[in-house]
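First up is the structure itself, then whatever we jot down about it.
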Amino acid sequence: MRRLALIAVKLAVSVALLCVAMSGLNFAAIGERLSQLDLGWIVAAFMVALLQVPLVAMRWRRVAAACGAELPLHEALRFNLIAVFFNQVLPSTVGGDAARIWLLARFGAGWSKATYSVLIDRFVGVLVLSATVTAGLYWSFQLIQNPVGRIALLIVGLGSLTAAAVFLVSANWTWFRDWRPTRHLAKMSAVARDVLFSRVSGASVAAISLLVHMLTAVLAWSLARAVAAPLELWHAFLLVLPVMLIATVPISIAGWGVRESALVLAFSYAGLPESDGLIVSVLLGAAMIAVGIVGGAVWLLSPESPRLTTAWTLTTPGPER
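Under this note's numbering, read the sequence shown as residues 239 to 559, first letter to last.
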């Protein structure tokens with residue numbers, strides 16, 4: 239019952255934020271943009287989105303190795319494609335992470351190592367995204383003159399980066415290591431530091447993460463070109479990446495609503511048409527769904543699919559009697 243209530247709340251948040259994002263928009267302008275849809279740019283955008291999957295697989299493989307879990311590259315790629323599918327079909331932005339944990343644990347890594355590897359991989363991605371957003375604040379302030387928008391960028395960038403830094407140093411706190419509710423977090427903090435500051439994996443993990451985020455901006459720019467929206471590539475870097483950082487907060491269904499409302503607001507602060515922000519955001523979600531369809535096909539052909547379906551079904555409460 240509690241899980242169903244949480245799903246209902248997230249659905250309500252998604253619907254409410256989508257309504258806010260669409261309120262007051264020029265739907266005639268949206269229709270005109272969509273009528274100019276360029277399939278060539280759509281295909282290019284899909285290829286960019288698809289390219290991110292093996293990059294994340296490479297990063298996760300390095301993190302898993304630091305956690306003591308050996309993961310062949312082809313299995314990491316397969317697991318990540320399946321995870322993209324579950325990110326779209328499960329009512330959470332972390333549904334794919336749960337699938338990755340289950341798949342890696344069943345592969346032989348065990349639940350502890352699998353959980354650590356996925357959570358640390360997620361943390362590394364968010365950390366590099368936070369650092370990227372913060373590093374771009376100087377140029378963001380040149381684009382966004384609105385004081386509210388500037389304050390929001392500071393909070394998003396510096397706030398998330400500060401939280402990540404606190405997590406990295408938390409392994410040094412004796413009480414944090416010894417207190418039962420936080421001792422696993424302390425262990426993950428120690429492993430995350432080993433990954434990030436390792437001479438072997440640190441630079442490659444950070445570089446892969448940065449490339450993934452850069453491709454997200456390129457993806458948004460490609461989708462804007464597909465509908466002839468006036469979004470420059472450097473606009474995409476400065477506007478889309480902070481929105482993607484906000485969308486990592488799991489308060490809606492697969493990020494829907496959060497991403498749309500935030501990007502509409504970002505476009506308005508930058509003096510760009512708000513309707514274009516909505517179009518680009520929805521197309522970003524559609525691109526993820528398209529990659530998720532590929533992941534769904536991989537999952538259906540995988541030997542784990544019946545067991546994974548059963549595992550999800552058994553943990554999902556049925557109707558009360």
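The C-beta atom is built at its ideal place from N, Cα and C for all residues, glycine as well.
So, are the CB atoms of residue i and residue j less than 9 Å apart?
i, j, result
"M426", "F361", "yes"
"A560", "A337", "In the structure as shown, the chain starts at 239 and stops at 559, and residue 560 therefore has no counterpart that could be examined."
"L375", "A458", "no"
"R463", "M482", "no"
"S398", "L476", "no"
"R299", "L309", "yes"
"L539", "P480", "no"
"S355", "L341", "no"
"A467", "A455", "no"
"L335", "L315", "Residue identity differs from the one stated: residue 335 is Asp in this sequence, not Leu. No, Cβ-Cβ distance for D335 and L315 is not below 9 Å."
"F435", "L423", "no"
"G440", "V433", "yes"
"A528", "F324", "no"
"L293", "V450", "yes"
Kindly indicate the opening and closing residues of the alpha helix (DSSP H) around residue i.
i, result
"I484", "L471 to I484"
"I527", "E512 to L538"
"G363", "W349 to A373"
"D276", "Premise fails: D276 is in no alpha helix (DSSP H) and is neither H nor E."
"I393", "P385 to V407"
"V456", "G440 to A464"
"V502", "V496 to Y507"
"G333", "G333 to L342"
"F414", "T412 to D416"
Would you mind working out which of the options sits nearest residue i, comparing C-alpha positions?
i, options, result
"A524", "W494, F265, D359 and A441", "W494"
"T486", "S439, W349 and V394", "V394"
"V518", "L501, I527, W411 and A528", "L501"
"R388", "A282, W417 and L503", "L503"
"A267", "S499, V465, L471 and Q380", "V465"
"G363", "G333, A295, G346 and I339", "A295"
"S350", "T412, W537, R421 and L328", "R421"
"V366", "H312, D416, I446 and V253", "I446"
"G515", "E470, A254 and M526", "E470"
"D359", "G348, S368 and V443", "V443"
So residue i packs on residue j, CB below 8 Å; how close in whole Å?
i, j, result
"L188", "T370", "Summary: the structure shown does not reach residue 188, with the chain confined to residues 239 through 559, and so no result is reported for it."
"Y507", "N384", "5 Å"
"V196", "S460", "With the chain covering 239 to 559 only, the question about residue 196 has no answer from this structure."
With 9 Å as the threshold, decide whether the Cβ of residue i is near any Cβ in chain B.
i, result
"P419", "As a matter of chain content, chain B is missing from the structure shown, which is built from one protein chain."
Do the stretch 304 to 319 and the stretch 531 to 543 make contact, defined as three or more Cβ pairs closer than 8 Å?
yes
Would you call the stretch 268 to 281 in contact with the stretch 291 to 303, where contact means no fewer than 3 C-beta pairs closer than 8 Å?
no
Would you call the stretch 506 to 518 in contact with the stretch 402 to 417, where contact means no fewer than 3 C-beta pairs closer than 8 Å?
no
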